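Peer 1: Each protein sequence line maps, in turn, to chains A and B. Residue 225 in the numbering used here is what sits at position 225 of the first sequence, and the numbering runs on without skipping anything. Residue 91 in the numbering used here is what sits at position 91 of the second sequence, and the numbering runs on without skipping anything. Submitted below is the structure of interest, expressed as structure tokens.
2 protein chains.
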Amino acid sequence: MTTDDGWGLDNLPYGVFDSGDGRRLGVALGDEVIDVGALAAAHGSALVDVLDVPSLDPLLAGSPALWHRVREALTGWLGSPGWRTARSPRPLRHRRDAVTMHLPFTVGDYVDFYASEHHAANVGRILRPGSPPLAPNWKHLPVAYHGRAGSVVVSGTPVRRPNGQRRSDDGPPTFGPTERLDIEAEVGFVVGGHSGLGEPIPVGEAADHLFGVVLVNDWSARDVQAWEYVPLGPFLGKSFATSISAWVVPWAALEHARVAPPPRDVPLLPHLVDPGDAALDLALEVRLNGHVISRPPFRTTYWTAAQQLAHLTSNGAPTRPGDLVASGTVSGPGRDEYGSLLELSWGGREPLTLPDGSRRSFLADGDEVTITARAPGPGGRTIALGPVTGVVTPAG
Amino acid sequence: MTTDDGWGLDNLPYGVFDSGDGRRLGVALGDEVIDVGALAAAHGSALVDVLDVPSLDPLLAGSPALWHRVREALTGWLGSPGWRTARSPRPLRHRRDAVTMHLPFTVGDYVDFYASEHHAANVGRILRPGSPPLAPNWKHLPVAYHGRAGSVVVSGTPVRRPNGQRRSDDGPPTFGPTERLDIEAEVGFVVGGHSGLGEPIPVGEAADHLFGVVLVNDWSARDVQAWEYVPLGPFLGKSFATSISAWVVPWAALEHARVAPPPRDVPLLPHLVDPGDAALDLALEVRLNGHVISRPPFRTTYWTAAQQLAHLTSNGAPTRPGDLVASGTVSGPGRDEYGSLLELSWGGREPLTLPDGSRRSFLADGDEVTITARAPGPGGRTIALGPVTGVVTPAG
């Protein structure tokens, strides 16, 4: 891996690593992780207060001005010739494949949107045939629900197949391992700073509250969800695990990925009219046991992060550092661009055939799912996001 | 107020108070709050580690054995003659009406159930006339959704009328102050300790994870909720504020309130069959501007806290100290036992008339809502819960 692979100075995603003596904050650079606390100490910088720590939490609690100052400093230090030989209290560099990664921040509230029109319409067609694919509210507001923050786990954490209650065709419901274990390939926005109770975030100021971006796999048990979700929405069908990438790509690193969102065909209420470049051109890739099964294009997502944050706070709900705002499943218009197996197998009626000849409508025990993404960076270079990966283990 | 009013040694609810020099943990006793950190220090107790702190968090992170030890110690110290003159590093006693109360613990995940059959059936009849009052899943599992933990506020916090998007009869949706601001009188269970990812809590062991009980007012904007909730459930109609009482009544104080839940008329799956005495006999009282408008009996709630916790973790979802598990609106069978204005005014069609002659279908700006409860204690005495109170301020 070289720094041209999306892991160069343009990116510098944050993560929490352990090389054997406890958790430390780092940034990824090439195939290494740089101990930013040691780096700041080597430069005698006061930024040790937010960098020589075991978590992103202190930095997330700060302001956009602080985030900018830290990024400037890191870029400067790591862009100087000879930085590798700076005197530091402990090693500056570790091989990325030799460290253990941890959840990078304390998750505040976790909100999951339903922002992709292609996904929402596919789900409508599959689960509610004969009805309009989108509910009447869908183009007027970004539909969302709260997920379980305590179930958010870092990439690499095994995901146990959940037990749950399912409808049965000819009798009372049954309880047992889900038979429709699915993925949801999503993009997650990590919120920094605070917005107060009763203080909505204007859509034009949303970016000031976005610290960075992770990839998300919001594992789902479709049979459990189908039985439980009326009338209060998904609960146990989702809350058993949500995986996020270990690396948080700074919002500032995605400046060159800003694009116009898809055209809006229904007029928006004023508080949801976002700036013209609030969408992100992230090209996702979903692998099942190493084989690419989908390439969801995030730029086709109808509702932007700015709209999501403006909507989320429009009733005065406060935000906290570490709030996780996920897009919901990202699906493009093409059959090979869907972000869930529910869609890829069209409700289980058209199983996928993998290169090894095996077929999948939903996940089998032992399956490994990995989501990555790439975004345009400066100078024709790219920014890598992810991976978020997990292996399915048998039900307990 | 005397110690016979439910605030005696049998109760000793925990809260976080500030008498002018910072937050401290205390217990209520009569019309006083006792500084339990100072009390433990006066006795040279090692329990200062969890008592001489500004929050319930350290105690919540402990085990039921620790909770028991602390309660035994407090009961012993405060039951000894002469305790008021013990030498302590700072005053032991403060008038309860002279201190500021704060949120007593850091809320992990906030789950709101829908556990009252009378409430769920009333809502079905009001909002979905012509359909069966209860959804097909309702008696097979305790329906629930995740609420916003970051919007949980302590009793006394003013609640600003939220803006939101509402359906309009003859055109596109509009955005503005909710016209159907409601209350939900609920009982909240405060979870202590950890249960691990992938480790369900058996229904018979749920009580080991219950630290205490608060009263909850889950303020709701019914018009916002009605427009947004299909298909993923309530979101902004609820997330603007959830008030909890400042005092956390220990689970152990409610031993004499344990009763049998209502008869179950649909057989339960084995993991939801709870012990015979898992319900609680709490008599709630809801006041609007000082007038009692309802007396919801919590003992009529169909699903118990034990079942809620077993269901919540049945898919392997972990719990964290400070998770808040609320019952959903508590409504009894009688018209004067409903826990929401939606029911009390039957969807706004039958407004309440208050003693001052004013009428209410939903809340007006300036309205004050207060919920209290009483439970049987030992020796014919009672245990007081609450209050949880809040005044509605105009939309911003």
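Virtual Cβ for every residue (Gly too), placed ideally from N, Cα, C. Everything numeric in this text was worked out from a predicted model, so none of it was measured.
(1) Can you tell me the Cβ-Cβ gap for alanine 42 of chain A and alanine 86 of chain A, rounded? I've got them flagged as a contact below 8 Å.
(2) Could you check what DSSP says for serine 294 of chain A in three-state terms: helix, strand or coil?
(3) Checking 7 Å against the spacing of the C-beta atoms, do proline 133 of chain B and glycine 124 of chain B come in under that value?
(4) So glycine 390 of chain B and asparagine 217 of chain B are in contact, right, with Cβ under 8 Å, and what is the actual spacing, rounded?
(5) Determine whether the beta carbon atoms of phenylalanine 105 of chain B and glycine 386 of chain B lie at a separation below 7 Å.
(6) Look at the alpha carbon of proline 209 of chain B and the alpha carbon of proline 91 of chain B, and state the distance between them as a whole number of angstroms.
(7) For serine 63 of chain B and threonine 174 of chain B, what's the separation of their Cα atoms in angstroms?
(8) Considering only C-alpha positions, which residue in the set B/Val36, B/Val16, B/Asp170 and B/Asp169 is nearest to valine 99 of chain B?
(9) Glycine 396 of chain A touches chain B at which residues, Cβ-Cβ below 9 Å?
(10) Please say whether histidine 102 of chain A and serine 19 of chain A have beta carbons closer to each other than 7 Å?
(11) Out of B/Ala135, B/Gly377 and B/Val292, point me to the one whose CA is closest to alanine 257 of chain B's CA.
(12) Rounded to whole angstroms, how far is the Cβ of leucine 25 of chain A from the Cβ of tyrosine 14 of chain A, which I believe are closer than 8 Å?
(13) Taking beta-carbon pairs under 9 Å, can you tell me which members of the segment 97 to 111 of chain B lie near chain A?
(14) Spell out the partners DSSP gives aspartate 397 of chain B in its beta bridges.
(15) Is aspartate 10 of chain A helix, strand or coil when you go by DSSP?
(16) Among the residues of its own chain, which have a CB less than 7 Å from the CB of threonine 329 of chain B, if the five just before and after it don't count?
(17) Using the rule of at least 16 other Cβ atoms within 10 Å of the residue's Cβ for burial, across every protein chain shown, is aspartate 170 of chain B buried or exposed?
(18) For glycine 150 of chain B and arginine 320 of chain A, what's the separation of their Cα atoms in angstroms?
(19) Please report whether the beta-carbon of leucine 232 of chain A lies at a distance below 7 Å from any beta-carbon of chain B.
(20) By the three-class DSSP mapping on this structure, what secondary structure does asparagine 137 of chain A have?
(21) Once the 5 residues before and after aspartate 182 of chain B are set aside, which same chain residues still bring their CB inside 8 Å of it?
(22) Look at the alpha carbon of arginine 399 of chain A and the alpha carbon of valine 159 of chain B, and state the distance between them as a whole number of angstroms.
(23) Can you list, in chain order, the residues of its chain with a C-beta nearer than 7 Å to that of methionine 1 of chain A? Leave out the 5 residues immediately preceding and following it.
(24) Which of helix, strand or coil does DSSP assign to alanine 144 of chain B?
(25) Determine the DSSP secondary structure at aspartate 52 of chain A, reduced to helix, strand or coil.
(26) For arginine 349 of chain A, count neighbouring Cβ atoms within 10 angstroms of its own Cβ and tell me buried if that reaches 16, exposed if not.
(27) Of all Cβ atoms in chain A, is any one closer than 7 Å to the Cβ of glycine 150 of chain B?
(28) Beta-carbon separation of valine 50 of chain B and lysine 139 of chain B under 7 Å?
(29) State the DSSP-derived secondary structure class of valine 69 of chain B, mapped to helix, strand or coil.
(30) Using the beta-carbon of each residue, which ones in chain A are nearer than 7 Å to glutamine 225 of chain B?
(31) Taking Cβ-Cβ distances shorter than 7 Å, what residues in chain B pair up with glutamine 165 of chain A?
(32) Under the rule that 16 or more other beta-carbon atoms within 10 Å means buried, what is glycine 380 of chain A, buried or exposed?
(33) Using DSSP with H/G/I as helix, E/B as strand and the rest coil, what is proline 267 of chain B?
(34) In angstroms, rounded to a whole number, what distance separates the CA positions of leucine 56 of chain A and valine 154 of chain A?
(35) Residues in the same chain with beta-carbon distance under 7 Å from histidine 311 of chain B, minus the five sequence neighbours each way, listed in chain order, please.
Peer 2: Here's the rundown:
(1) Indeed, because the Cβ distance is near 4 Å, the residues count as touching under 8 Å.
(2) In the three-state DSSP reduction, serine 294 of chain A falls in the strand class (E or B).
(3) In this structure, glycine 124 of chain B lies closer than 7 Å to proline 133 of chain B by Cβ.
(4) Approximately 6 Å separates the beta-carbon atoms of glycine 390 of chain B and asparagine 217 of chain B; this is inside 8 Å, confirming the contact.
(5) If you check the CB distance, phenylalanine 105 of chain B and glycine 386 of chain B do not come in under 7 Å.
(6) As written in the sequence, residue 209 of chain B is histidine, which differs from the proline given in the question. One C-alpha to the other measures close to 33 Å.
(7) Straight-line spacing of the CA atoms in serine 63 of chain B and threonine 174 of chain B works out to 50 Å.
(8) Ranking the options by Cα distance to valine 99 of chain B, first place goes to B/Val16.
(9) Neighbours of glycine 396 of chain A on chain B, chain order: Gly198, Glu199, Pro200 and Gly316.
(10) Not a contact, by the Cβ cut-off of 7 Å.
(11) Considering only B/Ala135, B/Gly377 and B/Val292, the residue with the shortest C-alpha distance to alanine 257 of chain B is B/Gly377.
(12) Contact holds; Cβ gap of about 7 Å.
(13) For the segment 97 to 111 of chain B, which is checked against every Cβ of chain A, the residues closer than 9 Å are Gly108, Asp109, Tyr110 and Val111.
(14) With chain B covering only 1 through 396, there is no way to say anything about residue 397 of chain B.
(15) Looking at aspartate 10 of chain A - three-state DSSP - the assignment turns out to be coil, as it is neither helix nor strand.
(16) Excluding sequence positions up to five before and after threonine 329 of chain B, its CB lies within less than 7 Å of the CB of Ser116, His119, Glu184, Ala185, Glu186, Gly339 and Ser340, all in the same chain and listed in chain order.
(17) With fewer than 16 other Cβ atoms within 10 Å, it is exposed.
(18) Going by the C-alpha atoms only, they are around 7 Å apart.
(19) Answer yes: the Cβ-Cβ gap between leucine 232 of chain A and chain B drops below 7 Å somewhere.
(20) The three-state secondary structure of asparagine 137 of chain A, taken from DSSP, is coil.
(21) Excluding sequence neighbours, aspartate 182 of chain B sits near Trp219, Ser220, Ala221, Arg222, Ser340, Leu341, Leu342, Phe362 and Leu363.
(22) Outside the displayed span of chain A (1 to 396) sits residue 399 of chain A, for which this structure offers no information.
(23) A caution first: methionine 1 of chain A carries a pLDDT of 41, below 50, which makes its placement in the model unreliable, though a value can still be read off. Contacts found: Trp7, Gly30 and Asp31.
(24) DSSP, read as helix, strand or coil, puts alanine 144 of chain B in strand.
(25) Coil at aspartate 52 of chain A, not helix or strand.
(26) By the neighbour-count rule (16 or more Cβ atoms within 10 Å), arginine 349 of chain A is not buried but exposed.
(27) Any Cβ of chain A closer than 7 Å to the Cβ of glycine 150 of chain B would place that residue at the interface, and such an atom is present.
(28) Cβ atoms of valine 50 of chain B and lysine 139 of chain B: not closer than 7 Å.
(29) Looking at the sequence provided, one finds arginine at residue 69 of chain B rather than valine. In the structure shown, arginine 69 of chain B falls within a helical segment according to DSSP collapsed to helix, strand and coil.
(30) What glutamine 225 of chain B touches in chain A: nothing, since even the nearest Cβ is about 10 Å away.
(31) Neighbours of glutamine 165 of chain A on chain B, chain order: His140, Leu141 and Leu269.
(32) When all chains shown are included, glycine 380 of chain A counts as exposed.
(33) In the three-state DSSP reduction, proline 267 of chain B falls in the coil class, being neither helix nor strand.
(34) It is roughly 14 Å from the alpha-carbon of leucine 56 of chain A to the alpha-carbon of valine 154 of chain A.
(35) Answer for histidine 311 of chain B: Leu141, Pro142 and Leu272, listed in chain order.
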